[in-house]
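Structure first, commentary second.
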Amino acid sequence: MFLELKQEIEQQYNATLIAVSKTQLTEKIKSLYDNGQRHFGENKVQELLDKKEQLPKDIYWHAIGHLQSNKVKYIVPFIHLIHSVDSFNLLKTIEKEAEKINRKISILLQIHIADEDTKFGLNKNELIDLLEHVTAQKEHFAHIEICGLMGMATFTDDENKIEQEMQGLQNLFLFIKNTYFPFEENFKEISMGMSSDYKIALKSGSSMIRIGSLLFGNRY
Ligand SMILES: *Cc1c(COP(=O)(O)O)cnc(C)c1O
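In terms of my numbering, the sequence shown has 121 at position 95, counting the first letter as 1, and numbering is strictly consecutive.
Structure below.
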C-alpha cells in the first residue's frame, strides 16, 4: 500500500506525500522511515516534540494542526513547514520566535474551504487582509517564508462538492500567486487531500497530500 501510494503521489503527480503520524506508535513510523518516507505530519505540539526525540534526525516534520501562539517557540528551531497559520497574530508570533533564533520559517496559510464550522482557516477576505498587512511591512516579516495555501474539504461522500471546494482552493492559490507572489518561486504549495479525498486533490493541483489512516490503519 505504502509504496504504491507514494509512487502515485510523488512520481505520477510530482506531489509530496506527508505521512500523518499523529497517535501512531514510533515503531510504525520508523518502519515507514525505513521504507524511504521522510516527511511526517503531526497536529499536536507535545506529541511532535516527543516523537522527534525518539526518531531519526533527518525527518522533515510538518505541523498540520491548529497551533496556539504559546507553543510556537517549541517548534521553530526545527520545523520544516507549518501548514496551519490562520491568523495575523500567529504569523507575528512565528516571526518573533524565529527572529530570536535567526531561522527562516516556511509556512502555509490555512484557508477555510469546507462548509463545516469546525475547520479552522481564513476566508478569502481575511487572507487578502493579512497579505496586504504583510506586504506593506515586509521588513517586519523577514523570518517568514509564505510558501502557499492549505485547506481541508468538507468530510462528505459527495465527490462533486469536494472537487468544487478543492478547485476553489486551487483558483484562490493562482489568484494569490499572481497578485502577491508573482516572482517568488517558493510560493508554490497547495496542501490539500487526506485519506478519503486524496485522488480528487491530486487532480485539483495539490502539491502536498497529508495521509494518516490509509497508511497506518485506524488511529488509537
Ligand atoms: C489527521 C489529519 C490528516 C490525515 O487524516 P486521514 O484521514 O487519517 O488521512 C490530514 N490533515 C490534518 C490537518 C489532520 O489533522
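Think of the CB as a built atom: it goes at the ideal place given N, C-alpha and C, for glycine as much as any other residue.
So for residue i, helix, strand or coil by DSSP?
{"i": "Y39", "result": "coil"}
{"i": "V71", "result": "helix"}
{"i": "E210", "result": "coil"}
{"i": "M27", "result": "coil"}
{"i": "S217", "result": "strand"}
{"i": "L254", "result": "Past the boundaries of the shown model lies residue 254; the chain is included only from 27 to 246, so the question cannot be answered."}
{"i": "T182", "result": "coil"}
{"i": "L51", "result": "coil"}
{"i": "G194", "result": "helix"}
{"i": "Q163", "result": "coil"}
{"i": "Q33", "result": "helix"}
{"i": "D60", "result": "helix"}
Beta-carbon separation of residue i and residue j under 8 Å?
{"i": "S221", "j": "G238", "result": "yes"}
{"i": "I139", "j": "E191", "result": "yes"}
{"i": "Y100", "j": "P82", "result": "no"}
{"i": "L116", "j": "S95", "result": "yes"}
{"i": "D223", "j": "I188", "result": "yes"}
{"i": "V102", "j": "I133", "result": "no"}
{"i": "F104", "j": "L241", "result": "no"}
{"i": "T52", "j": "K77", "result": "yes"}
{"i": "T180", "j": "D141", "result": "yes"}
For residue i, list the residues DSSP reports as bridge partners.
{"i": "Y86", "result": "H65"}
{"i": "I133", "result": "I108 and I172"}
{"i": "K45", "result": "In the sequence on display, residue 45 carries Ala and not Lys. Partner(s): F66 and I237."}
{"i": "L81", "result": "Answer is none; L81 lacks a bridge partner."}
{"i": "G177", "result": "I137"}
{"i": "L148", "result": "I137"}
Under 8 Å by Cβ, that's how I've got residue i and residue j pegged, so tell me the actual separation to the nearest angstrom.
{"i": "K214", "j": "G174", "result": "6 Å"}
{"i": "Q33", "j": "A45", "result": "About 14 Å; that fails the 8 Å criterion."}
{"i": "E73", "j": "K48", "result": "7 Å"}
{"i": "G91", "j": "I137", "result": "The pair is not a contact, with the Cβ atoms about 15 Å apart (cut-off 8 Å)."}
Should the stretch 60-73 be regarded as contacting the stretch 82-92, the criterion being three or more beta carbon pairs within less than 8 Å?
yes
Pairing CB atoms from the stretch 184-196 with CB atoms from the stretch 154-172, are three or more of them under 8 Å?
no
Contact between the stretch 103-110 and the stretch 162-169 (3+ Cβ pairs under 8 Å)
no
Cβ contact (3+ pairs, closer than 8 Å) linking the stretch 227-241 and the stretch 36-45:
yes
Is the stretch 124-135 touching the stretch 165-179, taking contact as three or more C-beta pairs under 8 Å?
yes
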